[in-house]
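Those sequence lines, one after another, are chains A and B.
Sequential numbering from 28 applies to the first sequence in the numbering used here.
Sequential numbering from 231 applies to the second sequence in the numbering used here.
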Amino acid sequence: MNSAIEFQNNEDLVFFGKVNASISHELKNILAIISEAAGLLNDLTELASKGQDFKLEMMKTCSQDIIEEIQRGFGTIKQMNTFSHSVDDPLKRVNLIEVLGLMINLAGFLSFAGKVRFDPPEESAPIILTCPWRLQNLIYQSLVYAFESVGPDGEIQVSLHPQKNGSARITFSGLGTKSARTFPVDQTIQIAASINAEIGMTGDSHVLDILVPQLVESMR
Amino acid sequence: MKVLLVDDEKKFAMMLSKRLVLRGIDVDYVYTGEEALVMAGNSRYDVAILDVKMPGIGGIELKRKLSGLAPGMKFIFLTGHGSETDFEIGSAEAAYYLAKPLQIEKLIEILHEVTA
């Protein structure tokens, strides 16, 4: 087997594991809140049944929190489902705004995630034929580095610039200097190359660019 | 017993603290490690319940800083992760390491045990 392909497959699995771990963490947090809200409701009804004041406002807050967290859970599971199905087809037409939105949401589950400002282009969404899995990996790695670079209180901007030839440029700007590592590393550049994309810092190291072609005829 | 609860999941911290208060435990809660250090500088706590994964100062680092401020303080870690590695690190650093969602009675039992 070609060693480059073998390596990239391993990278793919690492990516899958990292994202799933962060989703499970998010779901556990949601369940923990629901558990505490239900527990508190139970505590309050127990106290009321023993003759103490009926704390209606607090009970309403608990119920509302449970409803909100269930919605948050549904949203998280929907994203998990979309992410899981991105491996169904090695090559697929994808809407770049949707892919970026999904990756921004999933990277947002990381404990060190900062804020992201994403302004989708006003013109129609760029649709490209690519390997969704590898593209997601590339975007996710870029977001992780961007978060590290600004710290949890920082903010980065993600922009999408459709090019005249049908390709698209994804830009991560506002990067800081807090990350202890350099990016992109050789493995990241190889992942980009496998879908004929290019990744790199611009001159001042505060902006990271990914150039994605409109079509990938075959994947390396 | 005075407890400091630190968790960046705001609703979780607020509701858990209310449930502990209903069980007679004196609790202050904050959402960040930075706030916890300020609180520990102003008050004396017997136990700190710390979320392991938090933005900024994480639970493990916070425990070390709080230990420096208050050498007698006991620690219980909370986590939503629960990986083998997390468990090993957490167990080495604190008296107890609990995975979310919590069982409140188990937490109460542990609080009494570490402060006995």
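We treat Cβ as the ideally placed atom computed from N, Cα and C, and that holds for glycine.
task = Report the neighbours of L299(B) on chain A: residues whose CB is nearer than 7 Å to its CB, in chain order.
result = Correct list: empty, because the minimum Cβ distance to chain A is about 22 Å.
key: Given L71(A) as reference, the closest of T345(B), P331(B), L252(B) and M244(B) once Cα atoms are compared   = L252(B)
Start-to-end residues for the alpha helix (DSSP H) that takes in M107(A) = L83 to H112
task = With 7 Å as the threshold, decide whether the Cβ of G100(A) is near any Cβ in chain B.
result = no
query = In the structure shown, what three-state DSSP assignment does K351(B) receive?
reply = The requested residue 351(B) is not part of the displayed model; chain B covers only 231 to 346.
message = Given this structure, state the Cα-to-Cα distance separating R161(A) from M245(B), to the nearest angstrom.
response = 41 Å
query = Quick one: is L248(B) near chain A, going by C-beta distance under 7 Å?
reply = Sequence check: residue 248(B) is Lys here, not Leu. Chain A, which has a Cβ nearer than 7 Å to the Cβ of K248(B), makes this yes.
ask   = Who are the neighbours of F139(A) on chain B, taking C-beta pairs under 7 Å?
value = P285
request  = Would you decide whether M28(A) is buried or exposed? Buried here means 16 or more other CB atoms lie within 10 Å of its CB.
outcome  = Only weak support is given to the placement of M28(A): the predicted model assigns it a pLDDT of 39, under 50, and the value that follows is read from those uncertain coordinates. So M28(A) ends up on the exposed side.
inquiry  = Short of 6 Å in beta carbon distance, which residues of its chain neighbour F307(B), apart from the five on each side in sequence? Order them along the chain.
reply    = L280, V282, G289, G320, A324 and Y327
task = Look at the alpha carbon of I166(A) and the alpha carbon of F199(A), and state the distance between them as a whole number of angstroms.
result = 10 Å
key: Start-to-end residues for the alpha helix (DSSP H) that takes in G289(B)   = G289 to L299
ask   = Can you find a C-beta in chain A that's less than 7 Å from the C-beta of L252(B)?
value = yes
task = On a CA-only basis, which of V185(A), F43(A) and G181(A) is nearest I197(A)? Give me that one, please.
result = V185(A)
ask   = Which chain D residues are close to N56(A), counting only those with a beta carbon under 8 Å from its beta carbon?
value = Annotation note: the requested chain D is absent from the structure, which comprises protein chains A and B.
ask   = Hey, is I334(B)'s beta-carbon within less than 7 Å of any beta-carbon in chain A?
value = yes
Residue nearest to V234(A) in terms of C-alpha spacing, selected from R99(A), I226(A) and S221(A) = I226(A)
task = Could you tell me which chain A residues have their CB closer than 8 Å to the CB of M245(B), listed as they occur along the chain?
result = I60, E63, A64, G66, L67, C89 and D92
request  = Flag this pair as touching only if the stretch 120-133 of chain A and the stretch 259-273 of chain B have three or more C-beta atom pairs under 8 Å; answer yes or no.
outcome  = no
request  = For the stretch 312-344 of chain B, list the alpha helix (DSSP H) runs that are entirely contained and at least 4 residues long, ordered along the chain.
outcome  = 314-323
inquiry  = Taking 7 Å as the threshold (C-beta atoms), are F242(B) and E95(A) in contact?
reply    = no
message = Which residues in chain B have a C-beta closer than 9 Å to the C-beta of D80(A)? List them in chain order.
response = None at all; the shortest Cβ gap to chain B is about 13 Å.
inquiry  = So, under 8 Å CB-CB, L202(A) and A173(A) are touching, yes? Tell me the CB distance rounded to an integer number of Å.
reply    = 6 Å
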